[in-house]
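Residue numbers (the working numbering): 13 to 308. Heads up, the beta-carbon is just placed ideally off N, CA and C, and yes, glycines get one too.
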Amino acid sequence: MAVLDVDSVSIRFGGLQALSDVSVRVQEWEIVGLIGPNGAGKTTLFNCITGFYRPNEGRVRFLGRDVTDVPIHERAASGMGRTFQQVGLVKGATVIENLITAQHAKVAYDDLSGIVGTPAVWRHERELRDRAMQILELVDLADLADRRVAGLPYGTMKNVEMAAVLATDPEILMLDEPSSGMGPEEAHELGDTLLRLRRELGLTILMIEHHVPLVVRVCDHVYCLNFGQLLTEGPPEDVRNHPEVVTAYLGEEAEEGDALAPAPPTSAPAAEGGGGDAPAGPGRRRRRPLRAGEAG
Ligand SMILES: Nc1ncnc2c1ncn2[C@@H]1O[C@H](COP(=O)(O)OP(=O)(O)OP(=O)(O)O)[C@@H](O)[C@H]1O
Ligand SMILES: [Mg+2]
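#1: Would you tell me roughly how many angstroms separate the C-alpha atoms of L153 and V172, rounded to the nearest one?
#2: Under DSSP, the alpha helix (DSSP H) around H233 begins and ends at which residues?
#3: Does DSSP classify G26 as helix, strand or coil?
#4: Taking the Cβ atom as the reference point for each residue, do A179 and A157 lie within a distance shorter than 7 Å?
#5: Under three-state DSSP, which class holds T113?
#6: With DSSP as the reference, please indicate the residues paired to G2 in a beta bridge.
#7: How is the beta strand (DSSP E) around D142 delimited, first residue to last?
#8: Here's the rule I'm using: 16 or more other beta-carbon atoms within 10 Å means buried, otherwise exposed. How should Q97 be labelled?
#9: So, does the stretch 101-120 touch the stretch 68-82, judging by three or more C-beta pairs under 8 Å?
#10: Thinking just about the alpha-carbon of each residue, which of G53, I217, P131, R24 is nearest to the one in T67?
#11: Could you check whether the Cβ of K54 sits closer than 6 Å to any heavy atom belonging to ligand 2?
#12: Which residue marks the beginning of the alpha helix (DSSP H) containing D204, and which one marks its end?
#13: State yes or no: is the C-beta of I217 within less than 7 Å of the C-beta of I43?
#14: Can you tell me which of V107, V34, M219 puts its alpha carbon nearest to the alpha carbon of V151?
#15: Tell me the rounded alpha-carbon separation between A271 and L187.
#16: For R75 and D19, what's the separation of their Cα atoms in angstroms?
#17: Within 10 Å of its beta-carbon, does H85 have 16 or more other beta-carbons around it, so buried, or fewer, so exposed?
#18: Can you tell me where the beta strand (DSSP E) with G70 in it begins and where it stops?
#19: Determine whether the beta carbon atoms of C236 and G48 lie at a separation below 7 Å.
#20: Taking a contact to mean a Cβ-Cβ separation below 7 Å, would you say I220 touches L46 in this structure?
#21: Should the stretch 234-249 be regarded as contacting the stretch 32-39, the criterion being three or more beta carbon pairs within less than 8 Å?
#22: Quick check on the burial criterion: 16 or more other C-beta atoms within 10 angstroms. Buried or exposed for P190?
#23: Spell out the partners DSSP gives L31 in its beta bridges.
#24: How about P225 and V234: are their beta carbons less than 7 Å apart?
#25: For F64, which residues of its own chain have a beta-carbon under 7 Å away from its beta-carbon, when the five flanking residues on both sides are left out?
#26: In the structure shown, what three-state DSSP assignment does T106 receive?
#27: Taking Cβ to Cβ, would you say V21 is nearer than 7 Å to G93?
#28: If you draw a straight line from the C-alpha of G2 to the C-alpha of L209, how long is it?
#29: Leaving aside the five residues before and after M13 along the sequence, list all residues of the same chain whose C-beta is less than 6 Å from its C-beta, in chain order.
#30: Exposed or buried, which one is G100 when buried takes at least 16 other CB atoms within 10 Å?
#31: Where DSSP assigns a beta bridge to M169, which residues make up the other side?
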């Protein structure tokens, strides 16, 4: 049984067909990549999977259950963990506070004992803190536990956000451009971390990513979207070399010897609390094509 089964999903925004008939499947313990140029519909697909958008057609199944009409929080509680393209963290809080807050989404104690602070609540808070520290150690961020998120480099924020999602103990980890803001070395380390997470936590991962060396190294399978449609899917090397994929990325600027463009840092950190993935406007530019050999 697939962990995630996206079946023929379509969604329109007014006159714009943002996704048409897109099917994506993620099996247990797989790391699956989702690539495609700016505005292809990648984040929109994440929003359909996680419940931020309701597709006009198609179904989303998670762990064998049809969740197409299930609210966001219930999907999250059932094990869908996602990060946002523009970092969904409380930037005024510390790293560990963000991990504890993320876990609270899953915790239930009655309001009064929470306010008064019964021994059971203290014990529970202690457990959340311990778990947060374990996760930070697992992703090599323990040194930053008491640092305020706001002062961290963007690439580090992306890692902290991933850690916050991990703290909720997800079945599937959905990452929206996890390497944005990172240089080639940091992106390589992220690859190590993802492979370790799969090994040690038995995680299944679906990630939107432009950094080709990272996709090729860690993904078992890759889907490429273009203008809301699935262009191709397959093993990473095949997808990367697929002529239509190369053309879709490079457009008219394609030249012999060009490789797929990895993402430059896409945007400045978002507003406090994050999570608002601003739609790509019609005037947004394509990513700059990359010269041969430039890829990290
Ligand atoms: N809520 C919305 N209302 C109107 N249009 C939207 C909305 N969300 C997304 N879109 C449009 O859908 C298309 C796909 O956007 P999406 O953000 O999914 O692209 P993407 O593949 O994630 O691109 P990028 O690589 O730039 O992040 C874009 O044309 C975008 O403007
Ligand atoms: Mg996006």
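According to the structure data:
#1: Here residue 153 refers to the residue found at position 141 when the sequence shown is read from its first residue. Here residue 172 refers to the residue found at position 160 when the sequence shown is read from its first residue. Between L153 and V172, the C-alpha separation is close to 8 Å.
#2: For the purposes of this step, residue 233 is identified with residue 221 of the sequence shown, where counting begins at 1. Unbroken run through H233 is the beta strand (DSSP E), 233-238; no alpha helix (DSSP H).
#3: As a position in the sequence shown, residue 26 is number 14, starting the count at 1. Of the three classes helix, strand and coil, the one that applies to G26 here is coil, per DSSP.
#4: The residue given as residue 179 occupies position 167 in the sequence shown. The residue given as residue 157 occupies position 145 in the sequence shown. In this structure, A157 does not lie closer than 7 Å to A179 by Cβ.
#5: By one-based count along the sequence shown, residue 113 stands at place 101. T113 falls in the helix class under three-state DSSP.
#6: Because the chain is modelled from 13 through 308, residue 2 falls outside the range shown and cannot be assessed.
#7: The residue given as residue 142 occupies position 130 in the sequence shown. Looking at the DSSP string, D142 is not in any beta strand (DSSP E); the run it does join, the alpha helix (DSSP H), is 131-150.
#8: Your numbering for residue 97 matches position 85 in the sequence shown. The residue in question, Q97, is buried, as its Cβ has 16 or more Cβ neighbours within 10 Å.
#9: no
#10: Sequence index remark: in the sequence shown, residue 67 carries index 55 (1-based). According to the sequence as given, residue 67 is Pro; it is not Thr. The residue with the shortest Cα to Cα distance from P67 is R24.
#11: On the sequence shown, position 42 is the one that residue 54 refers to. Flag set: Cβ of K54 near ligand 2.
#12: For the purposes of this step, residue 204 is taken as residue 192 along the sequence shown, with counting starting at 1. Segment 196-213, the alpha helix (DSSP H) holding D204.
#13: Indexing the sequence shown from 1 puts residue 217 at position 205. Indexing the sequence shown from 1 puts residue 43 at position 31. Closer than 7 Å, so yes.
#14: Here the question's residue 151 lines up with position 139 in the sequence shown. Of the candidates V107, V34, M219, the one whose C-alpha sits nearest the C-alpha of V151 is V107.
#15: The residue you call residue 271 lines up with position 259 of the sequence shown. The residue you call residue 187 lines up with position 175 of the sequence shown. Bear in mind that the predicted position of A271 carries a pLDDT of just 44, short of 50, making it unreliable; the figure below should be weighed with that in mind. In a straight line, the C-alpha of A271 is about 23 Å away from that of L187.
#16: Your numbering for residue 75 matches position 63 in the sequence shown. Your numbering for residue 19 matches position 7 in the sequence shown. With the sequence shown as reference, residue 75 is identified as Leu, and Arg is not the correct amino acid for it. Using only the alpha carbons, I get a separation of about 14 Å.
#17: Locating residue 85 in the sequence shown gives position 73, counting from the first residue. Its Cβ having fewer than 16 others within 10 Å, H85 is exposed.
#18: Counting from one through the sequence shown, the residue named residue 70 turns up at place 58. Per DSSP, G70 belongs to the beta strand (DSSP E) from 69-74.
#19: As a position in the sequence shown, residue 236 is number 224, starting the count at 1. As a position in the sequence shown, residue 48 is number 36, starting the count at 1. Taking 7 Å as the Cβ cut-off, C236 and G48 qualify as a contacting pair.
#20: Locating residue 220 in the sequence shown gives position 208, counting from the first residue. Locating residue 46 in the sequence shown gives position 34, counting from the first residue. Against a cut-off of 7 Å, the Cβ pair of L46 and I220 comes out as a contact.
#21: yes
#22: In the sequence shown, residue 190 corresponds to position 178, counting from 1. Burial call: buried.
#23: Position 19 of the sequence shown, counting from 1, holds the residue named residue 31. DSSP, once it has assigned bridges, lists I23 as partnering L31.
#24: Translated into positions along the sequence shown, residue 225 becomes position 213. Translated into positions along the sequence shown, residue 234 becomes position 222. Cβ distance not < 7 Å, so P225 and V234 don't count as in contact.
#25: Within the sequence shown, the letter at position 52 stands for residue 64. Once the five neighbours on either side are set aside, the close Cβ partners of F64 are I84.
#26: Indexing the sequence shown from 1 puts residue 106 at position 94. In this structure, T106 counts as strand in the three-state DSSP scheme.
#27: One-based indexing of the sequence shown puts residue 21 at position 9. One-based indexing of the sequence shown puts residue 93 at position 81. Result no, Cβ atoms of V21 and G93 do not sit closer than 7 Å.
#28: Given that the chain is displayed from residue 13 to residue 308, the structure contains no residue 2 and the question cannot be resolved.
#29: Indexing the sequence shown from 1 puts residue 13 at position 1. Contacts found: G76.
#30: Counting from one through the sequence shown, the residue named residue 100 turns up at place 88. Burial call: buried.
#31: On the sequence shown, position 157 is the one that residue 169 refers to. In DSSP, M169 forms no bridge with anything.
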